[in-house]
Amino acid sequence: MNTRQLLAALAMAAAASTSSAADGLISVKSVHGAKETMDRLEGVVRQRGLAVFARIDHAAGAAKIGKTLRPTELLIFGNPQGGTPFMECAQTVGIDLPLKALVWQDAGNQVWLSYNDPDFLAKRHAAADCPVAADLGKALAAIAEATVQ
Numbered sequence: 000m001n002t003r004q005l006l007a008a009l010a011m012a013a014a015a016s017t018s019s020a021a022d023g024l025i026s027v028k029s030v031h032g033a034k035e036t037m038d039r040l041e042g043v044v045r046q047r048g049l050a051v052f053a054r055i056d057h058a059a060g061a062a063k064i065g066k067t068l069r070p071t072e073l074l075i076f077g078n079p080q081g082g083t084p085f086m087e088c089a090q091t092v093g094i095d096l097p098l099k100a101l102v103w104q105d106a107g108n109q110v111w112l113s114y115n116d117p118d119f120l121a122k123r124h125a126a127a128d129c130p131v132a133a134d135l136g137k138a139l140a141a142i143a144e145a146t147v148q
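148 is the number that numbering that gives the first Met the number 0 gives the last residue of the sequence shown; the numbers go up by one with no jumps.
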């Protein structure tokens with residue numbers, strides 16, 4: 000297999016993956032329904048000692064104004080132990096904290112868990128060399144994996 004074929008195969012494998020990332024958003028497929036995925040996410044977050052600040056049901060909000068929205072819920076969570084060191088690298092990261100994760104169902108009824116990539120946030124706030132971003136990224140990936148499996 001030549002280099003061009005190898006690169007093409009790797010690109011196709013990446014595209015077929017169960018997760019995707021675009022513009023700093025990481026999305027992971029869930030094998031569970033939307034409500035169960037969100038319930039699992041909240042449970043995993045609490046189990047890992049993080050505070051849950053809010054759970055926002057966007058579909059319920061849409062229903063209040065007579066609109067229909069596929070299942071879409073946002074969980075806002077975190078703790079100062081992770082967020083403070085990130086803000087020490089760049090205080091403006093505070094606009095993107097606490098952490099957030101969105102559980103949503105697409106038009107094909109696939110449920111996804113999406114969250115902001117901390118490395119992307121670090122770059123956005125001119126703190127690309129902030130070591131905390133990688134640690135937060137690993138923690139979020141582990142939370143997502145535990146939630147969707």
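Cβ coordinates follow ideal geometry from the N, Cα and C atoms, glycine included.
A Cβ-Cβ contact shorter than 8 Å links K99 with N115. Taking a C-beta distance under 8 Å as the contact criterion, T71 and L49 do not qualify as a contact pair.
For I25, the enclosing beta strand (DSSP E) starts and ends at 24-29.
For G77, the enclosing beta strand (DSSP E) begins and ends at 71-77. Distance from the CA atom of Q109 to the CA atom of V30, rounded to whole angstroms, is 8 Å. For Q104, the pairing in a beta bridge is given by DSSP as V110. In terms of CA proximity to A106, A33 leads the group D22, L24, A33, I25. In terms of Cβ geometry, A132 and L120 form a close pair [threshold 8 Å].
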